[in-house]
Amino acid sequence: MDEHTVRHVAKLARLELAEGEIARLAGDLSKITHYIEQMGKLDVRHVEATIHPVVDENAWRPDEIHASFPRDVAVKNAPDKDQGFFKVPPVIE
Amino acid sequence: MATATTIKYEPVIGLEVHVQLKTKTKAFCSCKVEFGAPANSHTCPVCLGLPGALPVLNKEVVTLAIKVGLALNCQIAHRIKFDRKNYFYPDLPKGYQITQYDGPICFDGILELPIHDASGAPRNCRVTRAHLEEDAGKSIHLEGSTLIDLNRAGTALVEIVSAPDLRSAEEAHAYLTTLKRNLSYLDVSELSMEKGSLRCDANISIKPEGAIKLGTRVEVKNMNSFKSVASAIRFEIERQTKVVSAGGTLHQETRLWDEDQLCTRAMRSKEEANDYRYFPEPDLSWFNIDRKWVEQIQSSLPELPEKRLLRFLDDYKLERGEAEFLVSERELAEFFEHAVKLYQKPRKVAAWVAGEFSHAMQERAIGVKGLKITPAALIGLMDLLDAGKLNNVTAKEVFAAMLDSGEDALAVARRLNKLIEQDSGAVDKAIIEVMLEFADKAVADYKAGKDVALGFLVGQVVRKLKGKANPKEIAPLLTKAIRG
Ligand SMILES: [Zn+2]
Chain L
1 MDEHTVRHVA KLARLELAEG EIARLAGDLS KITHYIEQMG KLDVRHVEAT IHPVVDENAW
61 RPDEIHASFP RDVAVKNAPD KDQGFFKVPP VIE
Chain G
1001 MATATTIKYE PVIGLEVHVQ LKTKTKAFCS CKVEFGAPAN SHTCPVCLGL PGALPVLNKE
1061 VVTLAIKVGL ALNCQIAHRI KFDRKNYFYP DLPKGYQITQ YDGPICFDGI LELPIHDASG
1121 APRNCRVTRA HLEEDAGKSI HLEGSTLIDL NRAGTALVEI VSAPDLRSAE EAHAYLTTLK
1181 RNLSYLDVSE LSMEKGSLRC DANISIKPEG AIKLGTRVEV KNMNSFKSVA SAIRFEIERQ
1241 TKVVSAGGTL HQETRLWDED QLCTRAMRSK EEANDYRYFP EPDLSWFNID RKWVEQIQSS
1301 LPELPEKRLL RFLDDYKLER GEAEFLVSER ELAEFFEHAV KLYQKPRKVA AWVAGEFSHA
1361 MQERAIGVKG LKITPAALIG LMDLLDAGKL NNVTAKEVFA AMLDSGEDAL AVARRLNKLI
1421 EQDSGAVDKA IIEVMLEFAD KAVADYKAGK DVALGFLVGQ VVRKLKGKAN PKEIAPLLTK
1481 AIRG
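Protein chains in written order, with my numbering: chain L, 1 to 93; chain G, 1001 to 1484.
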């Protein structure tokens, strides 16, 4: 994994990395991906992909309304709010 | 730049339609789904994306999605899972949307469009897939800030993706109308573009006619009606053709339709090229879709429009255009069938429903339910017409009044004084007056062999009787009077 990829992933994840961290992370992440890539040696053509470790199928619920948060509670922890709305920096300038 | 031979370009269009499902609660939490509620009054730890909150799938969402799939002639998956689509936007509190990436619940559907190709065969559009996903919240953009309401966050959507089979704005419009018509039979969604329960994005490209390789694709968003989808497509085809014909290159981009200026504009994007890093949603496991369940849903569906259309053509011998109109809305089709049960002349009923009835709906911009007329009341009117108590003109007047008052035909005809009574004295008097008045003109013309003049004279007699006469009965009386 090169530094360019690290920068790209960091940007997508909104992570701010110091210049010094990028080279170190590129090395660390490469080790991790190489470790996982060992599995590529196994023949898994006849093995169904595991999308979930817990085989808990059909865990659904009926379409019944339960109480929501009171409005003031919903926005209580927001850094900024206005008349019950969450208030954020402008999305479109 | 200009080449000697002009290359003809062919548009290639695919549509993505989002349909909000009409469930009581959201897709993955038990918050109420309600349009227009006070901001953030329907939120909980799950739909606010608070740490540690876990989604639980609403079973009704799956039921409704299966209905949608069946109405679009899709295959239904045996087992479904969900995936995360990762991106940051203030109306998406979790930082990802729960969706279905590589395993849609419905796939391989097809819609037959009410338009025909040069050979007369109906045009089809394949439905590649219809998958489940959750909606985002709503943003209100103000000067200097954006306000977020998360009531809509987490409500269930079905995204219906067409194959790139459409070749013009008209075909795209026909696809949308057919899609909406089929879904309207299911009662699974409000299907209102105005309220946002139906949204449509278009993928548009052009390629030299006959070429296999598709051109650069442009996605257009922000259309608020089927009409603006068609306008945006027309604009985009023209814009792309101009760029390419002038030797320019197109960029793969997202453009927004501007309803005021009637053009598309490139969307300014701060985001890097779409990189959503999809992966299986670890908080939800597999869901099995039992075939018995699918069959049960299938048998609970009303007769769908394609089938109903064929039956109307066969059973009632209707004109294709009339039958297509009647099945265009479930309520309209049902109104027609109720009426036909009470009156044995289906073509006559169809002509009224497709004519006056639809005209009234368009004029008032309301659906069948908005009109205060029952099938029995319409048949009452037709009985009066058949009995010669109303003529074609007064019947339409009585009909219009019935729509507003909800009274039956006889009551309205009496109230408006339109009923034709057998008053031969008044009829004779009117005939004599008309003959005197037009002795030199129309009467002379008729005597000279101009048959059309009779129609004019009959009209004059009916007018004198204030519409309370049947032209069919007046005509022979008038002929007799003229010939002496
Ligand atoms: Zn919730």
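C-beta atoms are modelled at their ideal positions from N, C-alpha and C, and glycine is treated no differently.
- request: Within its chain, find whatever has a CB closer than 6 Å to the CB of Ile-1098 of chain G; leave out the 5 residues flanking it on each side and keep chain order.
  value: The count along the second sequence starts at 1 and reaches residue 1098 of chain G at position 98. Excluding positions up to five away in sequence, the list reads Phe-1082, Glu-1134 and Glu-1281.
- request: With 7 Å as the threshold, decide whether the Cβ of Leu-1381 of chain G is near any Cβ in chain L.
  value: Taking the first residue of the second sequence as 1, we reach residue 1381 of chain G at position 381. With its beta carbon at least 7 Å from every one in chain L, Leu-1381 of chain G lies outside the interface.
field: Presumed contact (8 Å Cβ cut-off) between Cys-1106 of chain G and Ala-1065 of chain G, rounded CB distance
entry: On the second sequence, position 106 is the one that residue 1106 of chain G refers to. On the second sequence, position 65 is the one that residue 1065 of chain G refers to. Confirmed, Cβ separation roughly 7 Å.
query: Listed from N- to C-terminal order along the chain, which residues in the stretch 1248-1263 of chain G have their beta-carbon within a distance smaller than 8 Å of any beta-carbon of chain L?
result: Result list empty, no residue passes.
- request: Report, in whole angstroms, the separation of the C-beta atoms of Ile-1013 of chain G and Ile-1204 of chain G, which I expect to be a contact under 8 Å.
  value: As a first step, residue 1013 of chain G is located in the second sequence; it is residue number 13 there, counting from the start. As a first step, residue 1204 of chain G is located in the second sequence; it is residue number 204 there, counting from the start. So it is a contact: roughly 5 Å between Cβ atoms.
field: Residues of the stretch 41-54 of chain L whose Cβ lies closer than 7 Å to any Cβ of chain G, in chain order
entry: Close to chain G, meaning a Cβ-Cβ distance shorter than 7 Å, are the following residues of the stretch 41-54 of chain L: Ile-51, His-52 and Val-54.
task: Can you check DSSP and say which residues form a bridge with Ser-1162 of chain G?
output: Looking up residue 1162 of chain G in the second sequence gives position 162. Note: Ser-1162 of chain G sits in a beta bridge opposite G:Val-1127.
query: Is there contact between the stretch 4-20 of chain L and the stretch 30-45 of chain L, where contact requires at least three CB pairs shorter than 8 Å?
result: As far as the Cβ criterion goes, the stretch 4-20 of chain L does not touch the stretch 30-45 of chain L, which means the pair count is below three.
task: Reducing DSSP to helix, strand and coil, say where Pro-1471 of chain G ends up.
output: To locate residue 1471 of chain G, count along the second sequence from 1; it is residue 471. Here DSSP, grouped into helix, strand and coil, assigns Pro-1471 of chain G to helix.
- request: Provide the residue(s) that pair with Asp-1201 of chain G in DSSP beta bridges, ordered along the chain.
  value: Counting from one through the second sequence, the residue named residue 1201 of chain G turns up at place 201. Answer by DSSP bridge pairing, in chain order: G:Glu-1016.
query: Which whole-angstrom value is the C-beta distance of Ile-1379 of chain G and Leu-1326 of chain G, which I expect to be below 8 Å?
result: Position 379 of the second sequence, counted from the start, is the residue given in the question as residue 1379 of chain G. Position 326 of the second sequence, counted from the start, is the residue given in the question as residue 1326 of chain G. Not a contact, Cβ separation roughly 16 Å.
query: Residues with a Cβ closer than 5 Å to any heavy atom of ligand 1, in chain order?
result: Here the residues close to ligand 1, judged by CB distance below 5 Å to any of its heavy atoms, are G:Cys-1029, G:Cys-1031, G:Cys-1044, G:Val-1046 and G:Cys-1047 in chain order.
query: For Asp-1149 of chain G, does the three-state DSSP call read helix, strand or coil?
result: Counting from one through the second sequence, the residue named residue 1149 of chain G turns up at place 149. Of the three classes helix, strand and coil, the one that applies to Asp-1149 of chain G here is strand, per DSSP.
query: Ala-1136 of chain G and Asp-1091 of chain G: beta carbons closer than 7 Å?
result: Within the second sequence, residue 1136 of chain G is the residue found at index 136, counting from 1. Within the second sequence, residue 1091 of chain G is the residue found at index 91, counting from 1. Taking 7 Å as the Cβ cut-off, Ala-1136 of chain G and Asp-1091 of chain G qualify as a contacting pair.
task: Run through the stretch 1043-1115 of chain G for me and flag every whole alpha helix (DSSP H) of 4 or more residues, listed as ranges in chain order.
output: Contiguous alpha helix (DSSP H) elements confined to the stretch 1043-1115 of chain G occur at 1059-1071, taking only those with 4 or more residues.
- request: Taking only runs that begin and end inside the stretch 1216-1294 of chain G, name each unbroken alpha helix (DSSP H) of 4 or more residues, in chain order.
  value: List check, alpha helix (DSSP H) in window: 1226-1245.
message: Pairs of beta-carbons, one from the stretch 1169-1177 of chain G and one from the stretch 71-83 of chain L, closer than 8 Å: are there three or more?
response: Taking a contact to require three or more Cβ pairs closer than 8 Å, the stretch 1169-1177 of chain G and the stretch 71-83 of chain L do not qualify as touching.
task: Output, in chain order, the set of chain B residues within a Cβ distance shorter than 7 Å of His-66 of chain L.
output: Given the protein chain composition of this structure (L and G), no chain B is represented.
- prompt: So, using beta-carbon positions, are Glu-1209 of chain G and Ser-1228 of chain G closer together than 7 Å?
  reply: In the second sequence, residue 1209 of chain G corresponds to position 209, counting from 1. In the second sequence, residue 1228 of chain G corresponds to position 228, counting from 1. Ser-1228 of chain G is positioned such that its CB atom lies no closer than 7 Å to that of Glu-1209 of chain G.
query: What whole-angstrom Cβ distance do Asn-1151 of chain G and Ala-1037 of chain G have, given they're in contact under 8 Å?
result: Locating residue 1151 of chain G in the second sequence gives position 151, where the first residue counts as 1. Locating residue 1037 of chain G in the second sequence gives position 37, where the first residue counts as 1. With a Cβ gap of about 6 Å, Asn-1151 of chain G and Ala-1037 of chain G count as contacting.
Beta-bridge pairing of Asp-1408 of chain G - partner residues as DSSP gives them: Within the second sequence, the letter at position 408 stands for residue 1408 of chain G. Answer by DSSP bridge pairing: none, since Asp-1408 of chain G is not bridged.
task: Return the CA-CA distance between Val-1393 of chain G and Leu-1214 of chain G, expressed in angstroms with no decimal places.
output: Within the second sequence, numbered from 1, the residue matching residue 1393 of chain G stands at position 393. Within the second sequence, numbered from 1, the residue matching residue 1214 of chain G stands at position 214. For Val-1393 of chain G and Leu-1214 of chain G, the distance between alpha carbons rounds to 56 Å.
message: Using the Cβ count rule (16 or more neighbours within 10 Å means buried), how would you classify Asp-1404 of chain G?
response: Position 404 of the second sequence, counted from the first residue, corresponds to residue 1404 of chain G. Around the Cβ of Asp-1404 of chain G, a 10 Å sphere holds fewer than 16 other Cβ atoms; the residue is exposed.
- prompt: Pick from G:Arg-1265, G:Thr-1479 and G:Leu-1410: whose alpha carbon is nearest that of Ala-1387 of chain G?
  reply: One-based indexing of the second sequence puts residue 1387 of chain G at position 387. The candidate whose alpha carbon is nearest that of Ala-1387 of chain G is G:Leu-1410.
task: Tell me Pro-1011 of chain G's beta-bridge partners as DSSP assigns them.
output: Numbered from its first residue, the second sequence carries residue 1011 of chain G at position 11. G:Ile-1206, per the DSSP bridge assignment.
- request: Return the bridge partner residues of Thr-1023 of chain G from the DSSP annotation.
  value: Within the second sequence, residue 1023 of chain G is the residue found at index 23, counting from 1. Thr-1023 of chain G is not bridged to any residue.
Within chain L, the residues that Thr-1155 of chain G reaches when beta carbons sit closer than 9 Å: Residue 1155 of chain G sits at position 155 when you count from the first residue of the second sequence. Within 9 Å of the CB of Thr-1155 of chain G, no CB atom of chain L is found; the nearest one sits about 12 Å away.
query: Checking contacts by CB at 7 Å: is Asp-72 of chain L closer than that to chain G?
result: Along the first sequence, one-based indexing puts residue 72 of chain L at 72. False, the Cβ-Cβ gap to chain G never drops below 7 Å.
message: Please list, in chain order, the chain G residues whose beta carbon lies closer than 7 Å to that of Arg-14 of chain L.
response: Against the first sequence, residue 14 of chain L aligns to sequence position 14. Neighbours of Arg-14 of chain L on chain G, chain order: Phe-1088.
task: Please name the residue in G:Asp-1108, G:Pro-1346, G:Lys-1418 and G:Gln-1020 whose C-alpha comes closest to that of Tyr-1316 of chain G.
output: Counting from one through the second sequence, the residue named residue 1316 of chain G turns up at place 316. Here the closest residue by C-alpha is G:Pro-1346.
- prompt: Is any beta-carbon of chain L found at less than 7 Å from that of Ile-1227 of chain G?
  reply: Within the second sequence, residue 1227 of chain G is the residue found at index 227, counting from 1. According to the sequence displayed, residue 1227 of chain G carries Lys and not Ile. Chain L contact via Cβ: absent.
query: Exposed or buried, His-1141 of chain G, counting other C-beta atoms within 10 Å across all chains shown (16 or more means buried)?
result: As a first step, residue 1141 of chain G is located in the second sequence; it is residue number 141 there, counting from the start. Classification for His-1141 of chain G: exposed.
query: Shorter than 7 Å from the beta carbon of Cys-1106 of chain G to some beta carbon of chain L?
result: Numbered from its first residue, the second sequence carries residue 1106 of chain G at position 106. It does not: the Cβ of Cys-1106 of chain G has no partner Cβ on chain L nearer than 7 Å.
- prompt: Mind checking Phe-1088 of chain G: buried by the 16 CB within 10 Å criterion, or exposed?
  reply: For the purposes of this step, residue 1088 of chain G is identified with residue 88 of the second sequence, where counting begins at 1. It is exposed - the Cβ of Phe-1088 of chain G has fewer than 16 other Cβ atoms within 10 Å.
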